[in-house]
Each structure stands twice: as C-alpha cells, then as structure tokens.
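Numbering (UniProt numbering), first residue to last: 1 to 264.
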C-alpha cells in the first residue's frame, strides 16, 4: 500500500501497560485488513511469541540469531495462524546479547542491519516488541525504527512514565537515530467506570495532543485470556470490545500513515 515499509518500535520502560498485548493485537488487526506484517520479539520472556502460539521447541532460529548475524530475517521468520502475519520469535539467548556485543562498535545497529537483509523487504509493517526496560535490545529497536508507539495504561503514574520514555526517545535521536518519531500514544486498560482513567485520558491528550490515538483500548477479560490459548484476541473472540478496539486502532494507524505520506 505504501512506497516504503514502516518499522515501529512498541516500547514502554514500565511493565504491565499492555505493550506485548498491543504488539500482538495491532499486528493481527493490520494483517486482517490486508497488510503484510512482521513482529520481531526482542523480549527474552518471549511473551509475543507465546501469545501467537509459537511453541518454545519450534524456535530453532530466533531474534538472537539475527542480532548476532547468524541468520537472516527470512530464515528466522515463522508464519503464525494469522494470515499475513509472521514473527521472529525470541528465546532466553537474548539475555546474553548485551554482554556478548558490549564492545562491538556497531552494537546499537545490529537490528537495523538485520532488517535490510533478505526476507524483511516483503513486509508493509514491522513491529518491534521490546523488553520493559531501556537496554541494548531497546536501543537496537529504536535505532532501527521509523517511529515509537507507546502503550500507556490509564493509571495515576502514567504521565510520569511517559515523560521518562520521551526523554529516552530524545536521547536516541541525539545519538543513534535522529529521524526517530513518536508514532503515537495508545491508551490501554481504559475503564469508563473509573473517574481516574478518564482524567488520565484528558491529561495525556492535553499534554500530547494529536499524538494520542482516539481509540481507547478497554480493560477486557477476553483480551487477557487470549494469550494463554496462544491466540491474539481477534482470533480468540473477534466480537469482544478489546478486539474491536484493536481493529479500530489499526485503521487509525493506517489513516495516519496515509496523511503522513500526503504531507511528506
């Protein structure tokens, strides 16, 4: 659809904000509306891989292998049960990545190099699921990405965590990727019955304006259950409020991309 693929890092230095859930379900929603999508799982816990039904025994080639140059994206990518969606799974080998290449001059650019290798060019969207911390894996993701999408839980300390992440993005711009953009802020775990949640929405929108997606991802039991069945929510229960919200978010992402292309 677009003349250039979009590489999006999904990151938040705070855990439990719906980061991996957003990666899985946004990728699935983009695939469902006709995009060719790849997730690169950069979290040693491998929750994105598990949530898409990739058994640990089947992760023969992983994101670790593409980072250390032992495999291409094409060799590592595994098709999922979702048409148009593949994943480069992660393993616990990632835990040793930082120590192994800490002295390498190109240590922040390993993923960027991998994503120009054979097999990555066929995807419209590449989503990079990061660990919930700022380490060399997250640095690689931000160095390789066009933009950062930030899932933000509707809770009291949301803005504090967001400020820290925006400082990190500024640091990355100064050092390894001056073109890194904020793709958008997606508010997760929204509960309309909770006055605090609505206040957080208002505060974040006041603070960041149009960078905040209109779509609110609701707190939803079916979305929470889906990973234990190795499925994205959209396959587990298409009609639930969470699935419908992620489909709406995907449409909003594509619409913003069209507008960005027109403005460029």
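Even for Gly, the Cβ is constructed at its ideal location relative to N, Cα and C.
Quiz prompt | According to DSSP, residues forming a beta bridge with residue 210 | solution = In DSSP, residue 210 forms no bridge with anything.
Self-check item: Beta carbon of residue 247 nearer than 8 Å to that of residue 27
Solution: no
Quiz item: Would you report the Cα separation of residue 204 and residue 180, rounded to the nearest angstrom?
Solution: 21 Å
Quiz item: Quick one: what does DSSP say residue 65 is sitting in, helix, strand or coil?
Solution: helix
Quiz item: Counting along the chain, where does the alpha helix (DSSP H) carrying residue 242 start and finish?
Solution: 241-263
Quiz item: Where do the N-terminal and C-terminal ends of the alpha helix (DSSP H) with residue 99 fall, by residue?
Solution: 97-100
Quiz item: Which residue from 54, 101, 66 and 73 puts its Cα closest to that of residue 81?
Solution: 54
Practice problem: Evaluate contact between the segment 162-176 and the segment 116-129, counting only Cβ atoms and requiring at least three cross-stretch pairs below 8 Å. | Solution: no
Quiz prompt | From 50, 52, 79 and 46, residue whose alpha carbon lies closest to that of residue 64 | solution = 46
Exercise. Output yes or no for whether 8 Å exceeds the beta carbon distance between residue 265 and residue 140.
Key: Not covered by the structure: residue 265. The range shown for the chain is 1 to 264.
Quiz item: Which first and last residues belong to the beta strand (DSSP E) in which residue 6 is found?
Solution: 6-10
Quiz item: Looking only at its own chain, which residues have a Cβ that is under 8 Å from the Cβ of residue 218, when we skip the five neighbours before and after it?
Solution: 189, 190, 191, 192, 241, 242 and 245
Practice problem: Jot down the residue ranges of each uninterrupted alpha helix (DSSP H) in the segment 129-153, minimum 4 residues, whole runs only, in chain order. | Solution: 136-144
Quiz item: Assuming residue 146 contacts residue 7 under a Cβ cut-off of 8 Å, what Cβ separation, rounded to an integer in Å, is found between them?
Solution: 5 Å
Quiz item: Closest by CA to residue 75, which one among 85, 56 and 118?
Solution: 118
Quiz item: Measuring CA to CA, which of 157, 114 and 252 is closest to residue 33?
Solution: 252
Practice problem: Determine the direct distance from the alpha carbon of residue 18 to that of residue 154, and round the result to whole angstroms. | Solution: 11 Å
Quiz item: Using a Cβ-Cβ cut-off of 7 Å (strictly less than) and excluding sequence neighbours within five positions of residue 250, which residues of its own chain qualify?
Solution: 26, 29, 30 and 33
Quiz item: Hey, is residue 132 close to the ligand ADP, as in C-beta under 7 Å from one of its heavy atoms?
Solution: The model on display carries no ligand, and the ligand ADP is accordingly not part of it.
Quiz item: Which whole-angstrom value describes the C-beta separation of residue 187 and residue 216, a residue pair presumed to lie in contact below a C-beta threshold of 8 Å?
Solution: 5 Å
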